[in-house]
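Worksheet: one structure, shown below.
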Amino acid sequence: MRSVNGNARAGVFQSGGLSSLAVGVWLHEISAPARHYIADIGQSDRTAMDALAACLRRLGDEAVVIDLRSSMAAVASDLLRYGARHDGGYWNTTGAARFVLVSELTPLMQADGCRTFAHGCVGGGNDQRRFARYGAQVAPDLAVVEPWTNPQALERFPDREAMLAAVVERGLPLDPGSGAERSTDANLAGISHESAELEDLETPVTRLGPRWSNWPGQGPAEPETVTVGFLDGRVTDVNGSGPDPVAWMTQANTIGARHGVWLRDVVERRIVGTVCRGIYEAPGLEVLAPAWTRILQASLDAAGHELYDRLAAVLGAAMYEGRWLEPAAQAARAAIDRLVGDVSGSVTLSVHRGVVQVERTKVAGHVEQQTRFGSGGNRWSEVAAVQT
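Position in the sequence shown (from 1) plus 1052 gives the number in my numbering.
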């Protein structure tokens, strides 16, 4: 870890969460020059981010808000295309956000004259390793400042209660999902929820307060019909959203949240080998996943589908562990691109109170295959679209 002594400016990954705000306070207190980069990755309303930037400037620091929603939506599209889930079906939304943040913000930090970058992730955790790995690959000339491995920072802020007191004292607006007892990490792809209470496996998941979503029983009385379009292995439309990934991801999130389709409650293995409980809220991806699964079932032969599943497991681990840019992950993506690159069609879903049911499917692609559908005997080589 690079020392923060001297006049070298640090670029701060500023989320507005408790620990990253405390990092800003600490850097300010030790007179370390800092420029805060607040990324809009779809986590909250833009006005809240602008307000945070204004407060940091009043404190005397530099702060800028960067719109990265398109980049975040593109990676969310990758999570779906490549089936990049972790233990228990978790969609790797937090790991994906770290990839986006480092890839997009470190070049800006370098252009702005930063010599180091700092983040508020806990020492020894998953995110510390993700930031370090991506930083070394994307911006090797930028050293990493990890305050929560620094003895002086830990002495100043021995716990989250001390962090909260300092943040409140300076009037910095705290992300609504963060506090002394809990934290969330939100982006356009989904939300992770953490707290000491939730770490206890005897704590029922209903103690959680979803950030975006209804519980299934709170959803509308009537089901909603949702049509998802795919072209060349990617989503192109969700109920008239159009092909912009930000638009269709937002639309899918709204639908899933409204109908209580969002929850993953899993016990997962961390990068360091320990296990933890994770509560995840990903309404859009949970709605889209059954549609993509049906398209794959209808489009790939047995060998192709088996290979896809194996490669998806490789990519799920790669995104979780911060290895998305490494050769094995690149090769796995290239192989899946070959498998699904010409798969297109549409799936109509019924979404209602936590349940997503496939109603109709149309597929077109892999026309060279000789697979038969049912008793009708329609060959892929004879038709380019099949109604199932």
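We put the CB at the ideal spot given by N, CA and C, even for glycine.
According to DSSP, is residue i part of a helix, a strand, or is it coil?
i, result
"Gly-1356", "helix"
"Cys-1166", "coil"
"Ala-1086", "strand"
"Asn-1239", "strand"
"Phe-1183", "helix"
"Phe-1209", "coil"
"Ile-1331", "strand"
"Glu-1378", "coil"
"Gly-1294", "coil"
"His-1404", "strand"
"His-1080", "helix"
"Arg-1110", "helix"
"Asp-1284", "coil"
"Ala-1273", "coil"
"Val-1419", "Bear in mind that a pLDDT of 42 at Val-1419, under 50, signals an unreliable position, so the model cannot answer this."
Just to confirm my understanding: we take residue i, look at its own chain, exclude 5 residues before and 5 after, and list those with CB closer than 6 Å. What are they?
i, result
"Thr-1400", "Thr-1279, Glu-1411, Arg-1412"
Between which residues of its own chain and residue i is the CB-CB distance below 7 Å, once the five residues before and five after are set aside?
i, result
"Gln-1409", "Leu-1401, Ser-1402"
"Ala-1205", "Trp-1078, Pro-1199"
Name the residue from the options whose alpha carbon lies nearest to the alpha carbon of residue i.
i, options, result
"Leu-1348", "Pro-1256, Thr-1258, Asp-1394, Phe-1065", "Asp-1394"
"Gly-1147", "Arg-1385, Glu-1373, Asp-1389, Ser-1396", "Glu-1373"
"Ala-1128", "Ala-1416, Leu-1337, Ala-1364, Ser-1351", "Leu-1337"
"Met-1371", "His-1138, Ala-1084, Ala-1060, Val-1064", "His-1138"
"Ala-1195", "Glu-1221, Cys-1166, Glu-1251", "Cys-1166"
"Pro-1275", "Asp-1179, Ile-1307, Arg-1390", "Ile-1307"
"Val-1116", "Ser-1122, Cys-1107, Ser-1123, Met-1124", "Cys-1107"
"Asp-1252", "Ala-1125, Ile-1331, Ala-1238, Trp-1267", "Ile-1331"
"Leu-1377", "Tyr-1186, Gly-1271, Ala-1369", "Tyr-1186"
"Gly-1076", "Asp-1097, Ser-1123, Arg-1208, Asn-1178", "Arg-1208"
"Arg-1316", "Asp-1284, Ser-1265, Gln-1180", "Ser-1265"
"Asp-1227", "Arg-1263, Leu-1250, Asp-1389", "Arg-1263"
If residue i and residue j are in contact, beta carbons under 8 Å, what's the gap, nearest whole angstrom?
i, j, result
"Asp-1113", "His-1080", "6 Å"
"Gly-1312", "Gly-1406", "4 Å"
Quick one: using the 10 Å Cβ neighbour count with 16 as the cut-off for buried, is residue i buried or exposed?
i, result
"Leu-1070", "buried"
"Thr-1099", "exposed"
"Val-1435", "Any reading at Val-1435 must be qualified, since the residue scores a pLDDT of 31, below 50, and its modelled position is unreliable; the value itself is stated next. Val-1435 comes out exposed."
"Thr-1145", "buried"
"Ser-1293", "buried"
"Ile-1082", "exposed"
"Pro-1210", "exposed"
At least one CB of chain D closer than 8 Å to the CB of residue i: is that the case?
i, result
"Ser-1155", "Absent from the structure: chain D. Only one protein chain is present."
Which residues in the same chain have their Cβ closer than 8 Å to the Cβ of residue i, if we skip the five residues on either side of it in sequence?
i, result
"Ile-1118", "Tyr-1089, Ile-1090, Ala-1091, Asp-1092, Glu-1156, Leu-1157, Leu-1160"
"Ala-1191", "Val-1154, Thr-1158, Pro-1159, Met-1161, Gln-1162, Phe-1169"
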